[in-house]
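Participant: Quick one: the structure is below, and I'll ask about it shortly.
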Amino acid sequence: MSTPDLFDSWNTYEKVVANDYMHHRDFFVALVQEVKARDLAPLSVADLGCGDCAPILDLLRCFEVHDYLGIDQSESALRRARARLLPAGLNFDLRQGEILHELRKLTDHYNLIVCSYSLHHLDVKEKQDVLKECRRCLVPGGLLAVIDVFLEPGESIGSYLERWTTNAQSRYAALDAEEIEDLLAHVRSSDFPETVSTYRRLSTAAGFSRVSRIAQDAERLNQFVLFY
Ligand SMILES: C[S@@+](CC[C@H](N)C(=O)[O-])C[C@H]1O[C@@H](n2cnc3c(N)ncnc32)[C@H](O)[C@@H]1O
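Quick note: the sequence shown uses this note's numbering, first residue 2, plus one each step.
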C-alpha cells in the first residue's frame with residue numbers, strides 16, 4: 002500500500018515527533034534497555050520505514066553499530082535521514098523503495114530490525130510477508146521491534162479512528178487546525194492497524210516463538226512489541 006502526501010512534505014510529522022506526541026522517546030529508551038539486557042552489540046540494524054531517522058538516532062549513538070540500513074519509499078524523508086546520519090559517523094546505507102521488495106533482497110545478518118510506525122500502513126497479507134522476511138533476515142537471538150499504533154481487542158477501525166481523532170485534538174497542541182486535518186486525512190486513508198493478538202498469530206506463522214509487549218501509552222493507541 003502506498004502512503005500519499007504526508008510523508009512527502011514531512012513538516013507536520015516532524016512536529017509530531019519533535020513534540021513526542023506518539024511517545025517515540027519512551028519507546029526507544031525501552032528498546033535501548035532491551036538491547037542492552039541482551040548484550041546484542043555490535044549491532045547490525047535494518048530500519049523498515051525509517052523516515053528521517055530522527056527517533057532511532059539516539060539508539061544508534063548508545064551502541065557500537067556494525068551497519069545500519071534504512072529503507073523508505075519517501076525521497077524527502079531519506080534526504081533528511083542522510084543529513085542526520087552523516088555527522089554521526091555511522092556505517093550506513095539508505096535505500097529508497099517499498100519495504101517488502103527491499104527486505105527480500107537482504108541477507109540474514111541482522112540482530113535488530115526496527116519497524117517504527119511503518120507496518121500499520123501495510124495490509125494484513127503484507128504484514129505477514131514482512132514478518133516472514135524479518136524472521137529470515139535475523140540471526141539467532143536477534144530482535145524485531147515493532148513500535149506502532151494498535152487496535153484494542155475486538156475494536157473496529159471506526160472506533161480506532163475516533164480514538165485517534167480525540168487523542169490528536171486534545172494533545173497535539175503545537176499543530177494548527179489545518180495540520181491536524183491533514184494528519185487525520187492521512188490516518189483515515191492510510192492506517193490499517195491490527196490487534197496485538199493478530200500480530201501474535203502472524204508472528205507465530207512467520208516462525209517467531211516469543212512476543213512480548215514491552216510498553217504502551219496511557220491512551221492505549223501506541224505500543225512497543227518485541228518479537229524473537
Ligand atoms: C509514520 S512514518 C515513521 C518514520 C519513523 N520510522 C518514525 O518512527 O518516526 C512512516 C514511514 O514509513 C514509510 N513507509 C510507509 N509505507 C511504506 C512502504 N510500504 N515502503 C516503504 N516505506 C514506507 C513512510 O514513507 C514514512 O517515512
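Ideal placement from N, C-alpha and C gives every residue a C-beta, glycine not left out.
Model, not experiment: these values are computed from the prediction.
Looking at ligand 1, does it come within less than 7 angstroms of L123, judged from the CB to the closest heavy atom?
Facilitator: L123: yes, Cβ under 7 angstroms from ligand 1.
Participant: Which word fits S3, buried or exposed, when buried means at least 16 other C-beta atoms lie within 10 angstroms of its C-beta?
Facilitator: With a pLDDT of 48 at S3, under the threshold of 50, the modelled position of this residue cannot be trusted; read the value that follows with caution. Classification for S3: exposed.
Participant: Cβ of Y118 versus every heavy atom of ligand 1: is any distance shorter than 7 angstroms?
Facilitator: Yes.
Participant: Here's the rule: buried if 16 or more other CB atoms are within 10 angstroms of the residue's CB, otherwise exposed. What is S160?
Facilitator: Exposed.
Participant: Please report the distance separating the alpha-carbon of A174 from that of H110.
Facilitator: Spanning the two alpha carbons is a distance of roughly 42 angstroms.
Participant: Using beta-carbon positions only, say whether V212 and F151 come within less than 8 angstroms of one another.
Facilitator: Not a contact, by the Cβ cut-off of 8 angstroms.
Participant: At which residues does the alpha helix (DSSP H) containing R211 begin and terminate?
Facilitator: Run containing R211: none; DSSP gives neither H nor E here.
Participant: How far does the beta strand (DSSP E) with L44 in it reach, from first residue to last?
Facilitator: Counting along the chain, the beta strand (DSSP E) containing L44 begins and ends at 44-49.
Participant: Taking just the CA atoms, how far does T167 sit from L104?
Facilitator: Whole-angstrom Cα-Cα distance: 35 angstroms.
Participant: Given the structure, does Y14 come close to ligand 1, in the sense that its CB is under 7 angstroms from one of the ligand's heavy atoms?
Facilitator: Result yes, Cβ under 7 angstroms from ligand 1.
Participant: Between K37, G50, L44, A206, which lies nearest to S117 when the distance is taken from Cα to Cα?
Facilitator: Per the Cα distances, G50.
Participant: I need the DSSP call for L162, collapsed to helix, strand or coil.
Facilitator: Helix.
Participant: Rounded to whole angstroms, what is the Cα-Cα separation between H187 and C63?
Facilitator: Spanning the two alpha carbons is a distance of roughly 33 angstroms.
Participant: Do A146 and L32 count as a contact pair if the criterion is CB distance below 8 angstroms?
Facilitator: In contact: L32 and A146 (Cβ atoms closer than 8 angstroms).
Participant: Using the Cβ count rule (16 or more neighbours within 10 Å means buried), how would you classify N92?
Facilitator: N92 should be labelled exposed.
Participant: Run through the DSSP bridge pairs and tell me what Y69 is partnered with.
Facilitator: In DSSP, Y69 forms a bridge with V46, F93.
Participant: Sort R221, L184, S204, L227 by Cα distance to I215 and report the nearest one.
Facilitator: Selected option, being the one with the closest Cα: L227.
Participant: Quick check on this structure: which residue in L101, E153, P154, Q224 has the alpha carbon closest to the alpha carbon of K128?
Facilitator: Closest option to K128, Cα to Cα, is L101.
Participant: So, helix, strand or coil for D149, using DSSP?
Facilitator: Reduced to three states, the DSSP call for D149 is strand.
Participant: What residues match up with C1 in a beta bridge as DSSP calls it?
Facilitator: Outside the shown range of the chain (2 to 229) lies residue 1, about which nothing can therefore be said.
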